[in-house]
Amino acid sequence: MSTLPETGTKTLPETENTGRAAAAGGAGSAPPAAAGRQALVERWAARHGVEAARRLAEAEDLADAVAAEITPDNTDDTYRKSWRVWTRFCAATRLPELEATRGALVAFVTWMLREGQQNGTGYAPSSASTHLAGAVVGLRRRGVHVLGDDQAAADQGGWARHSRSMLGYMQTEDGWTDNAAAGLA
Numbered sequence: 003m004s005t006l007p008e009t010g011t012k013t014l015p016e017t018e019n020t021g022r023a024a025a026a027g028g029a030g031s032a033p034p035a036a037a038g039r040q041a042l043v044e045r046w047a048a049r050h051g052v053e054a055a056r057r058l059a060e061a062e063d064l065a066d067a068v069a070a071e072i073t074p075d076n077t078d079d080t081y082r083k084s085w086r087v088w089t090r091f092c093a094a095t096r097l098p099e100l101e102a103t104r105g106a107l108v109a110f111v112t113w114m115l116r117e118g119q120q121n122g123t124g125y126a127p128s129s130a131s132t133h134l135a136g137a138v139v140g141l142r143r144r145g146v147h148v149l150g151d152d153q154a155a156a157d158q159g160g161w162a163r164h165s166r167s168m169l170g171y172m173q174t175e176d177g178w179t180d181n182a183a184a185g186l187a
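FYI, in our numbering the residues of the sequence shown are 3 to 187.
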């Protein structure tokens with residue numbers, strides 16, 4: 003830890019990274035969320051004093067380390083894959099990658115169900131659900147504030163994770179199943 007000269011507030015070193023944060027920003031880079039952590043530590047110091055802020059920061063570091071340790075490698079692989087799906091969606095729709103509005107998340111789900119796979123076909127609802135959750139993790143790791151959790155954001159658009167409610171958006175005509183929400187995203 004270092005001390006800010008103007009306030010006497012103890013701060014976290016900028017190079018401090020947990021495995022989860024490093025996975026978000028790449029090896030050796032401080033995650034965008036580090037600035038948010040710094041501001042939090044400064045608020046704690048103003049409210050509770052430098053020593054309490056230091057202990058709270060150490061507790062946060064411990065929580066990050068525990069989360070990184072117990073997160074299986076395949077989960078991190080899924081998060082990386084989901085982030086690639088999100089960036090493909092953003093490129094296809096010309097939406098900014100680091101915005102997670104309710105509309106963008108619902109459009110993401112609709113796009114995945116309709117045409118999200120690289121071969122142009124839609125994902126199964128369970129896969130779309132997984133990629134939605136993974137994209138939200140990726141957004142949060144990059145410092146994006148996502149209102150509510152991924153389930154709440156998707157529910158606001160009429161689709162509930164791990165449910166069959168999205169099937170209401172699918173229509174079958176002449177033996178072909180098509181997404182009735184086509185063109186909405």
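For glycine and all other residues, C-beta sits at the position ideal for the given N, C-alpha and C.
In this structure, residue 118 keeps its C-beta atom at 9 Å or more from the C-beta atom of residue 81.
Within 10 angstroms of the beta-carbon of residue 68 lie fewer than 16 other beta-carbons, which makes it exposed. A straight-line Cα-Cα distance of about 26 Å links residue 70 and residue 47. Here residue 58 has 46 as same chain residues with Cβ atoms under 6 Å from its own Cβ, once five neighbours each way along the sequence are excluded. Per the coordinates, the alpha-carbon of residue 96 lies some 30 Å from the alpha-carbon of residue 39. Residue 141 is positioned such that its CB atom lies no closer than 9 Å to that of residue 115. Boundaries of the alpha helix (DSSP H) around residue 106: 104-117.
Taking a C-beta distance under 9 Å as the contact criterion, residue 88 and residue 147 do not qualify as a contact pair. Between the beta-carbon of residue 111 and that of residue 130 there is about 6 Å, and that keeps the pair under the 8 Å contact cut. The criterion of a C-beta distance shorter than 9 Å is not satisfied by residue 143 and residue 120.
Within the model, the alpha-carbon separation for residue 109 versus residue 102 is close to 11 Å. For residue 126, there is no enclosing alpha helix (DSSP H), as DSSP marks it with neither H nor E.
Exposed is the label assigned to residue 51, since fewer than 16 other Cβ atoms lie within 10 Å of its Cβ. Going by DSSP, residue 149 is part of no alpha helix (DSSP H) at all; its letter is neither H nor E.
Residue 56: member of the alpha helix (DSSP H) spanning 52-72, first to last residue.
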